[in-house]
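Notes for the one structure printed next.
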Amino acid sequence: MMRLAKPDDIPFVQKVLDAPENLDKLAAYTDAQLAAALGDATQRLWIWESWGTPAAFLWVTGVGQLGRGPKIEEFGAEVPGRGIGTRLFSAALSELRAQCLHKGLWLTVASDNAQAIRFYERLGFRATDLRPAVWHRRAGPVADALIMAFDADAGPAETEADGGLGHPAQDNGGG
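Counting with UniProt numbering, you get residues 1 to 175 for the letters of the sequence shown.
Here it is in structure tokens:
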């Protein structure tokens, strides 16, 4: 189930951010930056709990602000491939829709992270721009950044069998 993060969740978020497989995908943040997100009305740091234990997180900035729209700052699952990330995204998008805050939702992803790009496309995100050499990896060379925007009007096709996501629930990484 999805819930807002608490201060006790920061070590979990850091653990996911710092996992060896994420060093080329996810940025580094200080505990202070993550803690600031907890009390900021323009940010949401959500946790997906599985059996009472944090299993994934989704951090959105720019909520309710004028301009480009809210940005998915970071996203990660402790164990990708189990559908947890898909369920977290679905719940977060539902929450943002309920508050009419989903319009303009966007993210950046390394352009060579095909697995994450496919994941985001299944959720209703579409590529809108490519920025050369701006994705600074912690463990490797700079990469191009693909900008993807959520199509709030189209979104993924809804079916009863897949929980409204247009595909079987699965988490193929991302962030």
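All residues carry an ideal CB built from backbone N, CA and C; glycine is no exception.
All figures in this text were calculated on a predicted structure; none of them were measured in a lab.
Express the C-alpha separation of V63 and G39 in angstroms, rounding to a whole number.
-> Spanning the two alpha carbons is a distance of roughly 13 Å.
So what does DSSP say about V13, is it helix, strand or coil?
-> Helix at V13.
Using alpha carbons as the reference points, say which of K71, P54 and A19 lies closest to T42.
-> The residue with the shortest Cα to Cα distance from T42 is K71.
Could you give the distance in angstroms between the alpha-carbon of E73 and the alpha-carbon of T53?
-> Computed Cα separation, rounded: 22 Å.
Local conformation of L101 per DSSP, three classes | Reduced to three states, the DSSP call for L101 is coil.
Short check: CB of I84 to CB of S50, under 8 Å?
-> Yes, these two residues count as a Cβ contact at 8 Å.
Which same chain residues, not among the five before or five after A133, have their C-beta less than 6 Å away from its C-beta?
-> Taken in chain order, the residues that qualify are V142.
Report buried or exposed for P80, applying the criterion of at least 16 other Cβ atoms within 10 angstroms of its Cβ.
-> Its Cβ being crowded by 16 or more others within 10 Å, P80 is buried.
Which residue's Cα is closest to the Cα of D9: Y29, M1, W46 and D18?
-> When each option's Cα is compared against that of D9, the closest is W46.
Buried or exposed: T128, going by 16 or more other Cβ atoms within 10 Å of its Cβ?
-> Label assigned to T128: exposed.
Is G124 near R68, with beta carbons less than 8 Å apart?
-> Cβ atoms of G124 and R68: not closer than 8 Å.
Please report how far the alpha carbon of A19 lies from the alpha carbon of Q65, in whole angstroms.
-> Straight-line measurement puts the Cα of Q65 at about 32 Å from the Cα of A19.
Going by DSSP, which residues form a beta bridge with D144?
-> Beta-bridge analysis with DSSP links D144 to no other residue.
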